[in-house]
Amino acid sequence: MSLKIFIFSWLAILNLFGNNSTENNLQINFQPVVNNISLQLNSKAYSINSKDSFFITTFKMYVGKIVLNDEESKEKFVDENYHLLNAENVESLKIDLKNLSLKKISSVDFFVGVDSIENTKGSMGGDLDPTNGMYWTWNSGYINFKLEGHSPICKSIHHAFEFHIGGYQHPNNSIRKIYLRLKNPIIISEENKLNININLAEILNSVDLRTNNNIVEPGFEAMKLADNFSKMFSIAE
Amino acid sequence: MKNLQKIIFGVFVMLIFCVTFSSFEKKKPDFFVTKGFPKPVYDFKKNPLDERKILLGRVLFYDPILSHDSTISCNSCHSQYTAFTHVDHALSHGIAGKVGNRNSPSLMNLAWAKSLMWDGAINHLDMQALAPISNKLEMDETIENVVKKLQHQKFYRENFYAAFNDSTITGQHVLQAIAQFMLTLVSANSKYDKVKRGEEKFSDNELSGYKLFKKNCEACHTEPLFTNGMFENNGLPVDAELNDMGRMKITKDKNDSLKFKVPTLRNVQYSAPYMHDGRFKNLNQVLNFYSMGLEHNKTLSPILLNRKIYFNTDEKENLISFLMTLSDKEFLYDTRFSYPKR
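If you're matching them up, the sequences are chains F and U in order. So the number in this note's numbering is just where the residue sits in the first sequence, counting from 1, plus 988. So the number in this note's numbering is just where the residue sits in the second sequence, counting from 1, plus 8.
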């Protein structure tokens, strides 16, 4: 019994010392939504602009090179990694940034998509492994953004819509930089959270779903759709 | 008891023999850059060659497990004896006898390839295997499912662990292993190479052919790889049924219409039929086409636009005898590239 207490007290003391060097972390939580309602895969949703319903069955997207800025002190925190967000997997929507060097975050920027350097490096692992269903096999390159579903208004087989947006080569480089300013800057403490909404209705409203419901290769149409990426994002205050 | 001692002694003697002989046998390097070859394009630092990975890639290359119904392997359309292409078929055929859209290219010296496929669709050797695996007319499978199937086999779990120190098989490791095997397919020991090294001499016919080659073909089929790795329209009339626009499919640029990657001429004697759709059965037909079949359309290679190519019967013969000096028998019969024992 006394041995247990002895070990326990030592552990407690060690723990106190350990706490002296605190680590500041941030969890970014991406929240796919349809307007104000959180996304439910395979269930009926409506967009604001029309009475038409739609179902989203797949939503995946690459987010990379997240930069946290303190615009006052011009300090930055850069995360060079690429993260695959997948609506099917809640854990994938949470990105943990550890050991922040900043005291305050007033804005955040990141890329939607995988840049041309990563696209030409060859076979990669983790979130960039080609088994994630986000790599084109007939024309090398990552799919930056994948949104699939169906809507009665689509004049297509099974009323399906399919948006596989990618392409890294000029003039069809579909990667887009997103910049978000925080109305209320985060003063960094030990554990911090930042919620970012991704409103998929913005993408569906940006095309005429009746006829323009299938963009699955790099090119002009993909570029036009990618230009709407920035409209999707907002800080959830 | 005496018998057992004899057996043990015998085994011992055999072992000593084996060890001595294997150390005498000079091992060929897995990859080498012959004098005169440029620096490889492939970045070996990101996927350093390793014997276990090469062997694993070789086993995968010959295993039909890569296809949906386990009938088609890479070897089905890329057999070693024909410089790793599909002999006798203009358009290569894949799963369930389905016929593909193009003639399978030969495989060699891939460490120097800037892009792969006739239209350059694939930007890196690592990613190449994904294309035939996923093509509905070739293997009709997904890399996700390939990984699952491999994970089920003890043999692959063990060998992936041996090669990558990880028994959880990933898409990245499958692709890296196959790429490693393909990188070892170096062909640089043809008669042409030996002549260049001063070990052999061209015959009179071969030498005349070499001169004709230098004058007429070298601009695109550049030495020593015998391709400039570029996309060119060689004036081949479009096949109305296939309607293959080549590079334009990838770049969406009209200026790339009807352009295809210049194929290497190494081992060309064995890689028939010729052109992206395999329309020519033999080299004579190819030379006849360059002599009088060119179609002058908008994107025709400026190299061809500015020169008159014509080969008479003797010239054709000489040119073909030169092209045959590009055959590398050692490569075609190298047991390191053949069907592996598992």
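Yeah, the Cβ is synthetic: ideal placement off N, Cα and C, and Gly gets one too.
Determine, using beta carbons only, whether residue i and residue j come nearer to each other than 8 Å.
i: Ser198/U; j: Thr321/U; result: no
i: Leu1170/F; j: Ser1094/F; result: yes
i: Asn1183/F; j: Ala1210/F; result: no
i: Met135/U; j: Ser1111/F; result: yes
i: Asn111/U; j: Met283/U; result: yes
i: Phe1149/F; j: Asn1074/F; result: no
i: Ile141/U; j: Ile130/U; result: no
i: Leu273/U; j: Thr307/U; result: no
i: Leu1213/F; j: Ile1153/F; result: yes
i: Leu133/U; j: Leu118/U; result: yes
i: Asn290/U; j: Asn213/U; result: no
i: Val203/U; j: Val182/U; result: no
i: Glu1060/F; j: Lys1032/F; result: no
i: Asp336/U; j: Asn275/U; result: yes
i: Leu233/U; j: Leu115/U; result: no
i: Arg350/U; j: Val49/U; result: no
i: Tyr1156/F; j: Asp1103/F; result: yes
i: Gly206/U; j: Asp1117/F; result: no
Three-state secondary structure (DSSP) at residue i?
i: Lys1032/F; result: strand
i: Arg1169/F; result: strand
i: Asp1084/F; result: strand
i: Gln1157/F; result: coil
i: Ser1111/F; result: coil
i: Lys1212/F; result: helix
i: Ser1095/F; result: strand
i: Phe297/U; result: helix
i: His284/U; result: coil
i: Glu249/U; result: coil
i: Glu353/U; result: Any answer about residue 353/U is impossible in this case: the structure gives chain U only from 9 up to 350.
i: Pro140/U; result: helix
i: Phe1151/F; result: strand
i: Asn320/U; result: coil
i: Ile151/U; result: helix
i: Thr93/U; result: strand
i: Gly1137/F; result: strand
i: Leu308/U; result: strand
i: Leu124/U; result: strand
i: Ile1223/F; result: strand
i: Ile1175/F; result: strand
i: Phe1042/F; result: strand
Suppose the cutoff is 7 Å on Cβ atoms and the five residues either side in sequence are ignored; what does the same chain contact list for residue i look like?
i: Gly128/U; result: Phe239, Arg255, Ile258 and Lys269
i: Ser1218/F; result: Arg1164 and Ile1166
i: Val71/U; result: Reading the sequence as shown, one finds Asp at residue 71/U and not Val. Ser81.
i: His76/U; result: Ile103, Met147, Asp148 and Glu149
i: Phe288/U; result: Pro281, Tyr282, Val294 and Phe297
i: Met989/F; result: With a pLDDT of 46 at Met989/F, under the threshold of 50, the modelled position of this residue cannot be trusted; read the value that follows with caution. Answer for Met989/F: no residue qualifies.
Excluding sequence positions up to five away, which residues of its chain have a Cβ less than 6 Å from the Cβ of residue i?
i: Glu303/U; result: Gly243 and Pro245
i: Val1096/F; result: Leu1056 and Leu1168
i: Ser1222/F; result: Asn1185
i: Asn167/U; result: Leu64
i: Phe1099/F; result: Gly1052, Lys1053, Ile1163 and Lys1165
i: Lys106/U; result: Leu145
What does DSSP give as the partner residue(s) for residue i in the beta ladder?
i: Asp51/U; result: Answer is none; Asp51/U lacks a bridge partner.
i: Leu302/U; result: None; Leu302/U has no bridge partner.
i: Val107/U; result: His101/U
i: Asp1058/F; result: Glu1063/F
i: Asn83/U; result: Its beta-bridge partners do not exist; DSSP assigns none.
i: Leu1072/F; result: Tyr1050/F
i: Trp1124/F; result: Gly1129/F
i: Asn1183/F; result: Asn1017/F
i: Leu63/U; result: In DSSP, Leu63/U forms no bridge with anything.
i: Asn213/U; result: According to DSSP, which records beta bridges pairwise, Asn213/U is partnered with nothing at all.
i: Gly254/U; result: Lys267/U
i: Ile1203/F; result: Phe1151/F
Can you find the residues in the same chain that come closer than 8 Å, C-beta to C-beta, to residue i, ignoring five residues on each side of it along the sequence?
i: Gln1015/F; result: Lys1082, Ile1083, Asp1084, Leu1085, Glu1179, Asn1180, Lys1181 and Leu1182
i: Gly237/U; result: Trp120, Ala121, Lys122, Ser123, Lys269 and Val270
i: Gly1137/F; result: Phe1042, Phe1043, Ile1044, Thr1045, Thr1046, Ala1148 and Phe1149
i: Lys1160/F; result: The question names Lys, but residue 1160/F in the sequence shown is Asn. Same-chain partners within the cutoff: Pro1206, Gly1207, Phe1208, Ala1210 and Met1211.
i: Ser87/U; result: Thr93, His94 and Val95
i: Thr235/U; result: Cys228, His229, Lys269, Val270, Pro271, Thr272 and Leu273
i: Ile328/U; result: Gly217, Leu291, Asn292 and Leu295
i: Ser1177/F; result: Asn1012
Given 8 Å, three or more beta-carbon pairs between the region 185 to 194 of chain U and the region 45 to 63 of chain U: yes
Touch test, the region 99 to 108 of chain U against the region 222 to 229 of chain U, Cβ-Cβ under 8 Å, three pairs minimum: no
Validate contact between the region 1182 to 1199 of chain F and the region 1015 to 1029 of chain F using beta carbons, cut 8 Å, 3 pairs: yes
Meets three-Cβ-pair contact criterion under 8 Å: the region 36 to 48 of chain U and the region 161 to 176 of chain U: no
Cβ contact check for the region 1027 to 1041 of chain F and the region 1049 to 1056 of chain F: 3 or more pairs under 8 Å: The answer is no - the region 1049 to 1056 of chain F does not touch the region 1027 to 1041 of chain F, with fewer than three Cβ pairs under 8 Å.
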